[in-house]
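Numbering (this note's numbering), first residue to last: 82 to 208.
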């Protein structure tokens, strides 16, 4: 596993051994990669309600004033109705989160490439 090799290289493997053992025992042994990996999936969550709630939180913010909340939730309702009609009419629904997902994928790819090129392996995690 590449992460173990990096931990050895950075001389932190012994400190992380309990984490690696847990991961190997439970996530690899019990759950299996198909149960936790989203590699190659367009939808990065297995819970669409969780995804919707995260989007809603990003749109509404935390504890908006009552009338602001009312206006924002009406906007969400209108957008959802519009998207439903597009789906029913066989049209493609375009979402804003696609660009952020693409940005995240590029960030991850760049960080991995930086690690492979011998860059600062902890920089990505410090962000």
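The beta carbon of each residue, even a glycine, is placed where N, CA and C say it ideally should be. Please read all numbers here as calculations on a predicted model, not as lab measurements.
1) Would the beta-carbon of residue 153 fall within 8 Å of that of residue 145?
2) In angstroms, rounded to a whole number, what distance separates the CA positions of residue 203 and residue 190?
3) When the distance is taken between beta carbons, is residue 117 closer than 8 Å to residue 108?
4) Compute the Euclidean distance between the alpha carbons of residue 201 and residue 140, then round it to the nearest angstrom.
5) Using 8 Å as the threshold, is the C-beta distance between residue 164 and residue 174 below it?
6) Does DSSP put residue 194 in a helix, a strand or coil?
7) When the Cα of residue 101 is compared with those of 85, 121, 119, 89, which residue comes out closest?
According to the structure data:
1) Here residue 153 is taken as the residue at index 72 of the chain shown, counted from 1. Here residue 145 is taken as the residue at index 64 of the chain shown, counted from 1. Their beta carbons are under 8 Å apart, which means residue 153 touches residue 145 by this criterion.
2) Counting from one through the chain shown, the residue named residue 203 turns up at place 122. Counting from one through the chain shown, the residue named residue 190 turns up at place 109. Using only the alpha carbons, I get a separation of about 15 Å.
3) Mapped onto the chain shown, residue 108 falls at position 27. Mapped onto the chain shown, residue 117 falls at position 36. Yes.
4) Stepping through the chain shown from its first residue, residue 201 is reached at position 120. Stepping through the chain shown from its first residue, residue 140 is reached at position 59. Spanning the two alpha carbons is a distance of roughly 34 Å.
5) Taking the first residue of the chain shown as 1, we reach residue 164 at position 83. Taking the first residue of the chain shown as 1, we reach residue 174 at position 93. Yes.
6) Against the chain shown, residue 194 aligns to sequence position 113. The answer is helix: DSSP assigns residue 194 an H, G or I state.
7) Walking along the chain shown from the start, residue 101 turns up at place 20. The candidate whose alpha carbon is nearest that of residue 101 is 85.
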